[in-house]
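**Student:** This is the structure I have questions about; it appears just below.
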Amino acid sequence: MSEPVEPAKRYLIRTFGCQMNEHDSERIAGLFEADGMVAATDVEDADVVVLNTCCIRENADNKLYGTLGHLKSVKDRRPGMELVVSGCLAQKDQDGIRERAPYVDLVFGTHNVHQATELLHRSRTEGPLTSILTETVAADHELFPSAMPAHREHGHTAWVTIQIGCDNSCAFCIVPAVRGAEISRPFDRLVHEVAELAGAGVTEVTLLGQNVNSYGRDLTLAARQAGDDVRVRPLFADLLREVGAVDGIRRVRYTSPHPKDLRPETIAAMAETPAVCEHLHLPVQSGSDRVLAAMHRGYTAERYLEKLAAARAEIADLAVTTDIIVGFPGETDDDFERTLELAAAAEYDSAYTFIYSPRTGTEAAEMVDQFVPADVIAERFERLKVVLERSALAKHRGRIGRVEEVVVEGLSRKDQALTTGRTRQNKLVHFASADPLRVGTFAEVEVTDAAPHFLRGRLVEVTAAPRHRTRIPVAAG
Ligand code: 5AD
Ligand code: SF4
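Whatever position you read off the sequence shown (first residue = 1), add 348 for this note's numbering.
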């Protein structure tokens, strides 16, 4: 007779924040599954709940402690449930998390993702645990999220971390403090990983890094220091070309480039590599030279617009998106007018707008006497939204009548009678389909209508079936 088998533990991961975090969540899920766990669909049936936190903006703390408060009541009912907090906020607050929420079983930081299962096992035998590695060990490439075994099935898209950390020092940004200095993953490994993903049926990859245009700078410098006669050249452009040439990869995206480091070589690689999508996310943050200087961004509004014009001149039908912060300390009405002007001049397809949020440990958080009052920020925020939506709508209306390639993402969230696809320019298109289309299907859709945040269309034809197997969901926060 066989031994009774203990049922597999069920995990649920809630992700707060950026793509880097979502990617870390996928990797944690991969490690858990390699350890025999299975995905839960809900907190109520989860044995292990991971909150993968972000601390880039606003009330991440409130969000975390609010969610933890709710989970405490679940844990009171089911004391066996294990609670894990990971990510940026864990990296930043460290012991503070278990001081405020002593019922949390495990806290680990952004540099410990690769140890997720090991730490979970330790917390089971040793009791509640906080483990925060302070930095990534450059020589140990196994520490990179992407380099870890992910015994999971892939969807039609995958994120590939090409670089972690950031060597810049934008005055508002906590990332360099929580993610550390820039470290690039070796070129060949990345290309190999993308080839493996393509082999598993992935057709679209997004290359991730805080400042992708400086990808490889550390690698070339290290090679030079070791005495190699290497030419210092922009490796990112080469990477785009090589990844774009991988058999089976039909779409390559990347995020984010820093405007100061956006090189003509990158633009040329985008223009000349058919798989690289016609979409550039170029975070501007502000349109005022004074504010940009105070932020230490390293470019002026004029220089930014020049780079944008150069990119548009080279890459046909390029969609451009951005990030803008409203209410950076010391931002005057005049500074804000410059941001409105830049937003109008840049003719963005869409933009993420953020209200400035002081992050302890950053330079701008010290500029307390220059903080902009909340009501002033709120008003500016609304005015900016009007300008951005106007240009988004104009861009989208310009697409009416075109037939575009879309990749199916699933049923429309708002209207389950419609299917949603994503165009190469990263726009969502909702359209009707008589037959259900599997996620990852390629189709041609004629754009029939436009709104600021999406398009509507008519299915012309299905052009390719997906090649991947079913994806295991990771709940988003
Ligand atoms: N306050 C508001 N927005 C911020 N961002 C980063 N840090 C802050 C902050 N402290 C925004 C920037 C960045 C995006 C990822 O988040 O616009 O590009
Ligand atoms: Fe933060 Fe600036 Fe680095 Fe982006 S480039 S991660 S905004 S410090």
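Ideal Cβ positions, reconstructed from N, Cα and C, are used throughout, including at glycine.
Does the beta-carbon distance from residue 789 to residue 765 come in below 9 Å?
**Tutor:** Residue 789 sits at position 441 when you count from the first residue of the sequence shown. Residue 765 sits at position 417 when you count from the first residue of the sequence shown. For residue 789 and residue 765, no; Cβs fall outside 9 Å.
**Student:** Output the residue ranges of the alpha helix (DSSP H) runs that lie fully inside the segment 658-702 and measure 4 residues or longer, sorted by chain position.
**Tutor:** The segment 658-702 contains these whole alpha helix (DSSP H) runs: 681-694.
**Student:** Provide the residue(s) that pair with residue 400 in DSSP beta bridges, ordered along the chain.
**Tutor:** Walking along the sequence shown from the start, residue 400 turns up at place 52. Looking at the DSSP assignment, residue 400 forms a beta bridge with 363, 434.
**Student:** As a quick exercise: from 678, 372, 417, pick the residue whose alpha carbon is nearest that of residue 719.
**Tutor:** Stepping through the sequence shown from its first residue, residue 719 is reached at position 371. Here the closest residue by C-alpha is 678.
**Student:** Under a CB-based cut-off of 9 Å, is residue 672 close to chain C?
**Tutor:** Reference to chain C is not applicable here, since this structure consists of a single protein chain.
**Student:** My understanding is that residue 588 touches residue 624, with C-beta atoms under 8 Å, so please give their C-beta distance in whole angstroms.
**Tutor:** For the purposes of this step, residue 588 is taken as residue 240 along the sequence shown, with counting starting at 1. For the purposes of this step, residue 624 is taken as residue 276 along the sequence shown, with counting starting at 1. Right, the Cβ-Cβ distance comes to about 6 Å (below 8 Å), so this counts as a contact.
**Student:** Please state whether DSSP places residue 550 in a helix, a strand or coil.
**Tutor:** Counting from one through the sequence shown, the residue named residue 550 turns up at place 202. Correct three-state label for residue 550: coil.
**Student:** Using a Cβ-based criterion (distance less than 8 Å to any ligand heavy atom), does residue 633 qualify as near the ligand 5AD?
**Tutor:** Your numbering for residue 633 matches position 285 in the sequence shown. Yes, the beta carbon of residue 633 sits closer than 8 Å to at least one heavy atom of the ligand 5AD.
**Student:** Going by the CB atoms, is the gap between residue 755 and residue 552 shorter than 9 Å?
**Tutor:** Counting from 1 along the sequence shown, the entry for residue 552 is found at position 204. Counting from 1 along the sequence shown, the entry for residue 755 is found at position 407. Closer than 9 Å, so yes.
**Student:** Is any heavy atom of the ligand SF4 found at a distance shorter than 8 Å from the C-beta of residue 705?
**Tutor:** For this step, residue 705 is matched to residue 357 along the sequence shown. Checking every heavy atom of the ligand SF4 against the Cβ of residue 705, none is found closer than 8 Å.
**Student:** Where does residue 801 sit, in a helix, a strand or coil, going by DSSP?
**Tutor:** Start at 1 with the first residue of the sequence shown, and residue 801 comes out as number 453. Coil, per DSSP.
**Student:** When every heavy atom of the ligand 5AD is checked, does at least one fall within less than 8 Å of the C-beta of residue 471?
**Tutor:** Mapped onto the sequence shown, residue 471 falls at position 123. No, Cβ of residue 471 sits at least 8 Å from all heavy atoms of the ligand 5AD.
**Student:** Enumerated in chain order, which unbroken segments of the beta strand (DSSP E) with a length of 3 residues or greater are wholly contained in the segment 502-587?
**Tutor:** Entirely contained in the segment 502-587, the beta strand (DSSP E) runs reaching 3 residues are, in chain order, 505-509, 552-556.
**Student:** Measure the Cβ-Cβ separation of residue 805 and residue 779 and say whether it is below 9 Å.
**Tutor:** Here residue 805 corresponds to residue number 457 of the sequence shown, with the count starting at 1. Here residue 779 corresponds to residue number 431 of the sequence shown, with the count starting at 1. In contact: residue 805 and residue 779 (Cβ atoms closer than 9 Å).
**Student:** Within 10 angstroms of the Cβ of residue 355, are there 16 or more other Cβ atoms? Answer buried if so, exposed if not.
**Tutor:** Within the sequence shown, residue 355 is the residue found at index 7, counting from 1. By the 10 Å Cβ count, residue 355 comes out exposed.
**Student:** Cβ atoms of residue 481 and residue 454: under 9 Å apart, would you say?
**Tutor:** Here residue 454 corresponds to residue number 106 of the sequence shown, with the count starting at 1. Here residue 481 corresponds to residue number 133 of the sequence shown, with the count starting at 1. No; because the gap between Cβ atoms is not below 9 Å, this pair is not in contact.
**Student:** Please work out which residues of its chain come closer than 8 Å, Cβ to Cβ, to residue 543, disregarding the five sequence neighbours upstream and downstream, and give them in chain order.
**Tutor:** Here residue 543 refers to the residue found at position 195 when the sequence shown is read from its first residue. Closer than 8 Å at the Cβ level, and outside the excluded window around residue 543, lie 594, 595.
**Student:** Output the boundary residues of the beta strand (DSSP E) element that contains residue 780.
**Tutor:** In the sequence shown, the residue the question calls residue 780 occupies position 432. Its beta strand (DSSP E) spans residues 776-780.
**Student:** Taking all protein chains shown into account, decide if residue 901 is buried (16 or more other Cβ within 10 angstroms of its Cβ) or exposed.
**Tutor:** Missing from the structure shown is residue 901; the chain here goes from 349 to 825 and no further.
**Student:** Residue 557: buried (16+ other C-beta within 10 angstroms of its C-beta) or exposed?
**Tutor:** Position 209 of the sequence shown, counted from the start, is the residue given in the question as residue 557. Residue 557 should be labelled buried.
**Student:** Apart from the five residues just before and just after residue 505, which ones in its own chain have a Cβ nearer than 6 Å to its Cβ?
**Tutor:** Locating residue 505 in the sequence shown gives position 157, counting from the first residue. Counting only Cβ-Cβ distances below 6 Å, and skipping sequence neighbours, we find 552.
**Student:** Please state if the CB of residue 732 and the CB of residue 800 are separated by a distance shorter than 9 Å.
**Tutor:** Along the sequence shown, one-based indexing puts residue 800 at 452. Along the sequence shown, one-based indexing puts residue 732 at 384. Not closer than 9 Å, so no.
**Student:** Specify, as a first and last residue, the run of the beta strand (DSSP E) that residue 599 falls within.
**Tutor:** As a position in the sequence shown, residue 599 is number 251, starting the count at 1. Run containing residue 599: 599-603, per the beta strand (DSSP E) assignment.
**Student:** Could you give the first and the last residue of the continuous beta strand (DSSP E) run that contains residue 769?
**Tutor:** The residue labelled residue 769 in the question sits at position 421 within the sequence shown. It spans 767-771 - the beta strand (DSSP E) in which residue 769 sits, taken as one unbroken run.
**Student:** Would you mind sorting residue 617 into buried or exposed? The rule is 16 or more other CB atoms within 10 Å of its CB.
**Tutor:** Against the sequence shown, residue 617 aligns to sequence position 269. By the neighbour-count rule (16 or more Cβ atoms within 10 Å), residue 617 is buried.
**Student:** Look up residue 758 in the DSSP assignment and say whether it is helix, strand or coil.
**Tutor:** Locating residue 758 in the sequence shown gives position 410, counting from the first residue. Three-state DSSP puts residue 758 in a strand.
**Student:** Measuring only the C-alpha atoms, how far is residue 491 from residue 541?
**Tutor:** Taking the sequence shown and counting its residues from 1, the one referred to as residue 491 is at position 143. Taking the sequence shown and counting its residues from 1, the one referred to as residue 541 is at position 193. Because the pLDDT at residue 491 is just 48, under 50, the model does not fix this residue reliably, and the value given afterwards should be weighed accordingly. Answer to the nearest angstrom: the Cα atoms are 15 Å apart.
**Student:** Which of the three DSSP states is assigned to residue 813 in this structure?
**Tutor:** By one-based count along the sequence shown, residue 813 stands at place 465. DSSP places residue 813 in coil when its eight states are reduced to three.
**Student:** By the three-class DSSP mapping on this structure, what secondary structure does residue 718 have?
**Tutor:** In the sequence shown, residue 718 corresponds to position 370, counting from 1. Helix at residue 718.
**Student:** Hey, residue 630 and residue 693: beta-carbon distance below 9 Å or not?
**Tutor:** As a working note, residue 630 is residue 282 in the sequence shown. As a working note, residue 693 is residue 345 in the sequence shown. No.
**Student:** Residues in the same chain with beta-carbon distance under 7 Å from residue 526, minus the five sequence neighbours each way, listed in chain order, please.
**Tutor:** As a position in the sequence shown, residue 526 is number 178, starting the count at 1. Correct list, in chain order: 403, 436, 439, 440, 458.
**Student:** Touching or not, the segment 376-388 and the segment 460-479, by the rule of three or more beta carbon pairs under 8 Å?
**Tutor:** The segment 376-388, when compared against the segment 460-479, does touch it at the 8 Å Cβ threshold.
**Student:** What would DSSP say about residue 764, mapped onto helix, strand or coil?
**Tutor:** Residue 764 sits at position 416 when you count from the first residue of the sequence shown. Of the three classes helix, strand and coil, the one that applies to residue 764 here is coil, per DSSP.
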